[in-house]
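Novice: Under the working numbering, the residues of the sequence shown are numbered 657 to 935, in order.
Every residue, glycine too, gets a C-beta built ideally from N, C-alpha and C.
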Amino acid sequence: MSQHSDINDNVNSTDTTDEQTLNSTSEPINNDNSTSQEIEPTSDKHIRIVNTFMKRRTHMNKNAELALTAPEFSEYLVNNSFGDGDLTGIDNLRTLFADSPNGADAPLTVEIGFGLGDSFIEMAAADPTRNFVGVEVHEPGIGKCAYMAGTQDLSNVKIINGDAIQLLKQLPENHIDRIQLYFPDPWQKKRHYKRRFVSPERMTIVTRSLKQGGWFHTATDWEHYAFWMVEVLDGFVGLTNKAGKGNFTERPDFRPMTKFERRGLDRGHGVWDLIYIKD
Ligand SMILES: C[S@@+](CC[C@H](N)C(=O)[O-])C[C@H]1O[C@@H](n2cnc3c(N)ncnc32)[C@H](O)[C@@H]1O
657 MSQHSDINDN VNSTDTTDEQ TLNSTSEPIN NDNSTSQEIE PTSDKHIRIV
707 NTFMKRRTHM NKNAELALTA PEFSEYLVNN SFGDGDLTGI DNLRTLFADS
757 PNGADAPLTV EIGFGLGDSF IEMAAADPTR NFVGVEVHEP GIGKCAYMAG
807 TQDLSNVKII NGDAIQLLKQ LPENHIDRIQ LYFPDPWQKK RHYKRRFVSP
857 ERMTIVTRSL KQGGWFHTAT DWEHYAFWMV EVLDGFVGLT NKAGKGNFTE
907 RPDFRPMTKF ERRGLDRGHG VWDLIYIKD
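#1: For HIS873, which residues from the same chain have a beta carbon less than 6 Å from its beta carbon, with the 5 sequence-adjacent residues on both sides left out?
#2: Taking the CB atoms as reference points, tell me whether VAL793 and ASN830 lie closer together than 8 Å.
#3: Give me the Cβ distance between LEU827 and ASN758, rounded to the nearest whole Å; I'm assuming they're in contact under 8 Å.
#4: So, with DSSP's three-state summary, where would you put GLU829?
#5: Quick check for students: name the residue ranges of the beta strand (DSSP E) that lie wholly in the segment 845-909, counting only runs of 3 or more.
#6: In three-state terms, what does DSSP make of GLN822?
#7: Given 8 Å as the limit, is there contact between the segment 800-812 and the segment 831-851, that is, 3 or more CB pairs closer than that?
#8: With a CB to CB cut of under 7 Å and the five nearest residues on each side skipped, what residues in its chain are close to LEU823?
#9: Can you give me the Cβ contacts of ALA723 inside the same chain, cut-off strictly under 7 Å, excluding the 5 residues immediately before and after it?
#10: Count the other C-beta atoms from every protein chain shown that fall within 10 angstroms of the C-beta of SER692, then say buried if there are 16 or more, exposed otherwise.
#11: Does the distance from the C-beta atom of VAL888 to that of VAL854 stay below 8 Å?
#12: Under 8 Å Cβ to Cβ from PHE904, same chain only, skipping five residues before and after it: list those, please.
#13: Can you tell me where the alpha helix (DSSP H) holding LYS718 begins and where it ends?
#14: Which residues does DSSP pair with ASN817 in a beta bridge?
#15: Indicate, with yes or no, if ligand 1 has a heavy atom lying under 7 Å from the CB of THR751.
#16: Looking only at its chain, what residues have a beta carbon closer than 7 Å to the beta carbon of LYS915, apart from the 5 residues adjacent to it on each side?
#17: Starting from ASP761 and walking both ways along the beta strand (DSSP E), at which residues does that stretch end?
#18: Based on Cα-Cα distance, which residue from ALA782, ALA820, SER737 lies nearest to SER865?
#19: For a test of the three-state rule: what should DSSP assign to LEU733, helix, strand or coil?
#20: Using the beta-carbon count (16 or more within 10 Å), is ASP877 buried or exposed?
#21: Within the continuous beta strand (DSSP E) that includes LYS711, where are the two ends?
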């Protein structure tokens, strides 16, 4: 699981893929100029990729490990679930369901950062005629999610290991019906705001992949991030706030309680939902 709240600056972080310093003379890392916020020039020679996540090593339980290795769970895992997700060749999410009962044309929801996947799987099980793709970078979460999908024999779930931003850039325009981002890392310190998922640059990428009339649904338990999101999203041309400018949406019935939501509530936080519709 990536950082949250007071562990933004966790010194025990074991992975440095989060901010990679790359020599600018090597292979281009990104051909898309619209993602300027993700790439910070640090000197003439170096550029730094600013990710929205911080990969950390945490315990993988036996069921998660089984799901990442046993063939009966492989139908859920789109790419290699170990290490940094290789997204090469994943350029269409609908075709992943071509041979499933729903087929490729069913409504498609993509959840970014499902964590351990409990609420994601609950939503998929409750809405079997809709297809669900979950994207995560946290291996134990990917394993646990695949395990739950397999033990419930779900046919409408696929799981991708990797950076959702990179994935969305590879997809066609007007591809997804709903994108959901529940309790994203809040990146509370000012110097980390550039890592927040909801930013004008990242929303350009998100909105491009949404179908016209499609939804971007987010929720947070961090008040500062909640008002930051409204400001960014209300000001974003091409999206309309379902609740009207400046307003939050009532928590919809279809969104189950997530692990980080529960943690926030236990700490006395509020919860703010936002739904934006692509014009
Ligand atoms: C604070 S946790 C919330 C997990 C879950 N949604 C919940 O509410 O319990 C945020 C999750 O988003 C994932 N994440 C952050 N940025 C991501 C990205 N660009 N692509 C995929 N996953 C990402 C992190 O690995 C982490 O597991």
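Specialist: Quick look at the numbers:
#1: GLN836, ILE931
#2: no
#3: So it is not a contact: roughly 18 Å between Cβ atoms.
#4: coil
#5: 866-876, 895-897
#6: helix
#7: no
#8: LEU743, ILE746, VAL791, ILE816
#9: PHE729, GLY799, ALA802, TYR803, GLY806
#10: Unreliable positioning characterises SER692 in this predicted model, as indicated by a pLDDT of 35, which lies under 50. The coordinate reading is nonetheless provided below. With fewer than 16 other Cβ atoms within 10 Å, it is exposed.
#11: yes
#12: ALA882, VAL886, TRP928, ASP929, LEU930
#13: 718-725
#14: GLU792
#15: no
#16: GLY771, LEU772, ASP774
#17: Note, ASP761: premise wrong, no beta strand (DSSP E); not H, not E.
#18: ALA820
#19: strand
#20: buried
#21: Looking at the DSSP string, LYS711 is not in any beta strand (DSSP E), and its letter there is neither H nor E.
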